[in-house]
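See structure below.
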Amino acid sequence: MTSEKSRKPLEGIRVLDLGRMFAAPWAGQTLGDLGAEVIKVELGRGDEMRHYGPPFLKDEEGAELLESTYSISCNRNKRSVVADLKTPEGRRIVEELALRADVVIENFKAGTLARYGLDYASLRQRNPGVIYCSVTGFGQEGPYADRPGVDTMFQALSGMMMLTGEPDGAPQRIGMIVVDLVTGLYASIAVLAALHERAASGEGQHIDLALFDCAFAIMSHRAMEYLMAGVEPMRRGSSSSGNVPGKNFRCREGVITIQAGAEDQFRKLCTAMGRPDLPELPRFTDRRARAANEAELMAILDELFLERTAQEWFKILLDAGVYCAPLNKVSEAFADPHATQRGVVEMMAHASAGSIRTIANPIRFSRTPIQGHKAPPLVGEHTAEVLRELGLETAAAG
477 MTSEKSRKPL EGIRVLDLGR MFAAPWAGQT LGDLGAEVIK VELGRGDEMR HYGPPFLKDE
537 EGAELLESTY SISCNRNKRS VVADLKTPEG RRIVEELALR ADVVIENFKA GTLARYGLDY
597 ASLRQRNPGV IYCSVTGFGQ EGPYADRPGV DTMFQALSGM MMLTGEPDGA PQRIGMIVVD
657 LVTGLYASIA VLAALHERAA SGEGQHIDLA LFDCAFAIMS HRAMEYLMAG VEPMRRGSSS
717 SGNVPGKNFR CREGVITIQA GAEDQFRKLC TAMGRPDLPE LPRFTDRRAR AANEAELMAI
777 LDELFLERTA QEWFKILLDA GVYCAPLNKV SEAFADPHAT QRGVVEMMAH ASAGSIRTIA
837 NPIRFSRTPI QGHKAPPLVG EHTAEVLREL GLETAAAG
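In the working numbering, the protein residues as written are 477 to 874.
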């Protein structure tokens with residue numbers, strides 16, 4: 477009998493992960509973290525994301541495996557089955573998995589799976605309760621529906637890239653595949669909502685999720701500058717629109733970031749820096765005034781921050797209750813004692829690499845904790861096992 481502590485929220489839910497690249501596999505991994513049984517189907521050479529290196533994971537003897545950092549990041553808590561949709565045997569395997577699944581996640585080009593009888597319209601005839609989530613670059617319809625797409629394209633198309641970088645510099649790509657990541661999260665949310673609705677109606681449904689749409693969705697308040705006020709948003713470097721002062725400041729040694737646009741925060745900042753008079757000056761007295769006189773205020777603060785090191789300012793401002801943080805390298809972030817206490821990193825037992833580290837799922841449930849991650853599988857690691865479960869031991873994966 478499963479104890480409450482070992483039971484996970486999505487235990488009993490079966491997911492067929494036909495995702496490649498990152499967004500769709502990220503959704504599958506998220507559902508797997510929450511306890512769903514996730515089976516990932518790949519071609520014999522593996523998902524393309526396995527090849528996105530270097531660096532690659534190494535086995536216990538130091539030899540490189542077909543496991544890039546991208547692949548390791550989005551495929552834990554899954555079993556891997558090799559099946560080629562272009563062969564009758566491969567299609568049969570995928571069809572059997574789909575007919576037994578609560579959820580199918582795929583990110584093939586719109587219309588591709590219909591050729592194999594594996595689209596939503598075909599599967600719902602035999603599995604009416606299936607939740608079928610299609611993750612594509614541009615969606616199932618529209619003038620760009622037949623185009624392929626990757627994260628950087630959507631940062632560019634949505635205006636996101638135009639807003640990233642210094643005001644006098646070139647537009648920059650955000651340092652993460654943020655559109656892929658957020659699309660995967662939206663896919664997970666959509667699947668959970670559809671599962672909840674199915675509990676009442678008994679029916680599944682199709683989810684059409686596009687990276688193009690998700691890129692616009694996360695433009696959030698910057699997009700509203702245009703939609704609400706008709707203002708073309710511009711690059712601001714590390715500073716925040718409507719939140720002055722809020723940016724990175726170079727110190728005598730190092731850099732610190734602050735967000736002190738709120739009135740109480742600005743007063744705390746100025747007092748801690750020895751300039752309690754600044755909030756009393758008409759040109760800095762409130763948000764509107766500070767925004768109008770931003771250049772003058774930044775010049776004053778730039779000089780003040782150069783008087784001490786970033787670590788000295790961090791202690792002073794932290795003690796004063798100002799929103800501030802040092803700029804960490806990735807190695808410094810993982811070495812932070814709070815990251816250690818929060819369990820940001822977990823260990824997983826890998827079939828070829830021994831124990832490997834992974835970033836923990838950040839969700840903390842009080843009764844049904846997310847724990848005991850299974851490492852991303854080797855290509856086809858569970859093919860024989862899954863075929864036995866399907867009663868297809870003699871089927872060739874193709």
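Cβ coordinates follow ideal geometry from the N, Cα and C atoms, glycine included. Just so you know, these numbers come straight off a predicted model, no measurement behind them.
Nearest candidate by alpha-carbon position, reference residue i, set the options
i      : options                        : result
LEU657 : ARG751, ALA811, VAL611         : VAL611
PRO721 : ALA767, ALA811, PRO604, LEU561 : ALA767
MET823 : HIS814, ILE835, GLN817         : ILE835
GLY713 : THR733, HIS697, ALA699         : THR733
GLY504 : LYS534, THR659, GLU540, VAL655 : THR659
GLU537 : GLY867, SER831, THR844, GLU617 : SER831
ALA738 : ARG763, SER716, PRO758, GLU729 : ARG763
ARG833 : ALA577, ALA825, GLU708         : ALA825
VAL798 : ILE846, ASN769, ALA748         : ALA748
ALA829 : LEU510, ALA539, ARG843, PRO802 : ALA539
ARG711 : PRO647, GLU865, LEU492, ASN603 : PRO647
GLY819 : LYS791, SER677, HIS849, ARG576 : HIS849
ASP535 : GLU857, ALA827, LEU863, THR844 : ALA827
VAL491 : LEU866, GLU808, GLU861, ARG576 : ARG576
ILE792 : MET695, MET774, ASN769, GLY750 : GLY750
ALA632 : ARG649, PRO643, ASP644, PRO619 : ARG649
Within 8 Å, strictly: CB atoms of residue i and residue j
i      : j      : result
GLY641 : GLY625 : no
VAL514 : ALA559 : no
LEU542 : VAL821 : no
SER549 : GLY529 : no
LEU639 : ARG698 : yes
ALA574 : LEU594 : yes
THR761 : PRO755 : yes
ASN551 : PRO501 : yes
PHE630 : LEU687 : yes
ILE653 : ASP689 : no
ILE607 : LEU671 : yes
CYS609 : LEU685 : yes
ALA586 : ASP622 : yes
VAL579 : VAL667 : yes
ARG784 : GLU772 : no
THR506 : SER664 : yes
GLY511 : LEU486 : yes
PRO802 : PHE810 : no
GLU572 : LEU868 : yes
Coarse secondary structure for residue i, derived from DSSP in three states
i      : result
MET774 : helix
PHE692 : helix
GLN735 : strand
HIS858 : coil
GLU729 : coil
PHE614 : coil
HIS527 : helix
SER598 : helix
LYS516 : strand
LYS886 : Residue coverage of the chain in this structure runs from 477 to 874, which leaves residue 886 outside it and unanswerable.
MET824 : strand
ARG763 : helix
Cβ distance (whole Å) where residue i is taken to contact residue j below 8 Å
i      : j      : result
GLU524 : ARG496 : 6 Å
CYS727 : PHE781 : 5 Å
ASN583 : ALA669 : Actually they do not touch by this definition, with Cβ atoms about 19 Å apart.
ALA705 : MET636 : Contact flag wrong, Cβ pair sits at about 19 Å.
ALA581 : LEU519 : The residue asked about is misnamed: residue 581 is Ile in this sequence, not Ala. 17 Å between Cβ atoms; not a contact.
ALA786 : VAL731 : 6 Å
GLY605 : GLY680 : 5 Å
SER547 : PRO853 : Actually they do not touch by this definition, with Cβ atoms about 10 Å apart.
GLU701 : SER716 : Actually they are not in contact, since the Cβ atoms of GLU701 and SER716 sit about 12 Å apart, beyond 8 Å.
Residue i, buried or exposed, once every other Cβ within 10 Å from all chains shown has been counted against 16
i      : result
ILE683 : buried
THR563 : exposed
LYS744 : buried
GLN741 : buried
GLN817 : exposed
LYS484 : buried
VAL557 : buried
ASN837 : buried
PRO531 : exposed
GLY566 : buried
GLY651 : exposed
VAL707 : exposed
ARG526 : buried
GLY423 : This structure leaves residue 423 out entirely; the chain is present only between 477 and 874.
ASN603 : buried
ALA860 : exposed
VAL655 : buried
LYS723 : buried
Contact test: residue i Cβ vs the ligand ADP heavy atom, cutoff 7 Å
i      : result
ASP753 : Annotation note on the ligand ADP: not contained in the displayed structure, which lists no ligands.
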